[in-house]
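Here the sequence shown is numbered in the UniProt record's numbering, starting from 1 and rising by one per residue.
To start, the structure under review is shown below, and the notes come after it.
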Amino acid sequence: MKIEYILLGLLFLSFANDIFQKRKYQKLWQAIDKTKYVNRYREIIAQTKDQTQAIKQLRQEFNELGLLQAVEISQLAHQDKS
């Protein structure tokens, strides 16, 4: 019975740590300068004219970008044009 409580506690600690890491990563993403991503996206979209292909190419060039982040870059680029 003690082992189950220990394993349950470790599982809870792992879960809590994961949540805190995600929050730190989100705060870091919000704090970084995204101009290099936006500029590169604009160059790609000028060549391809296809938003989906531009996002795919941006993610290939910048491995650190997730899909949601690349879409955010796309939105930022289109907002700045307006």
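Think of the CB as a built atom: it goes at the ideal place given N, C-alpha and C, for glycine as much as any other residue.
Measuring only the C-alpha atoms, how far is residue i from residue j?
i     : j     : result
Ser14 : Tyr5  : 14 Å
Asp18 : Leu65 : 19 Å
Lys56 : Gln47 : 14 Å
Leu76 : Ala16 : 32 Å
Asp50 : Leu67 : 16 Å
Tyr25 : Asp33 : 14 Å
Leu11 : Thr35 : 39 Å
Met1  : Gln79 : 57 Å
Lys22 : Leu28 : 10 Å
Ala31 : Leu7  : 36 Å
Glu72 : Ile3  : 45 Å
Would DSSP call residue i helix, strand or coil?
i     : result
Glu64 : coil
Asp80 : helix
Asp33 : coil
Asp50 : coil
Whose C-beta lies closer than 8 Å to the C-beta of residue i among residues of the same chain, with five residues either side of it excluded?
i     : result
Ala54 : Tyr41, Ile44, Ile45, Thr48, Ser74
Who are the Cβ neighbours of residue i in its own chain at under 7 Å, not counting the five residues just before and after it?
i           : result
residue 105 : As shown, the chain starts at 1 and ends at 82. That puts residue 105 outside it, with no answer to give.
With a CB to CB cut of under 6 Å and the five nearest residues on each side skipped, what residues in its chain are close to residue i?
i     : result
Leu59 : Note that residue 59 is Arg in the sequence shown here, rather than Leu. If we look at Arg59 and ignore the five residues flanking it on each side, its Cβ neighbours are Leu65, Ala70.
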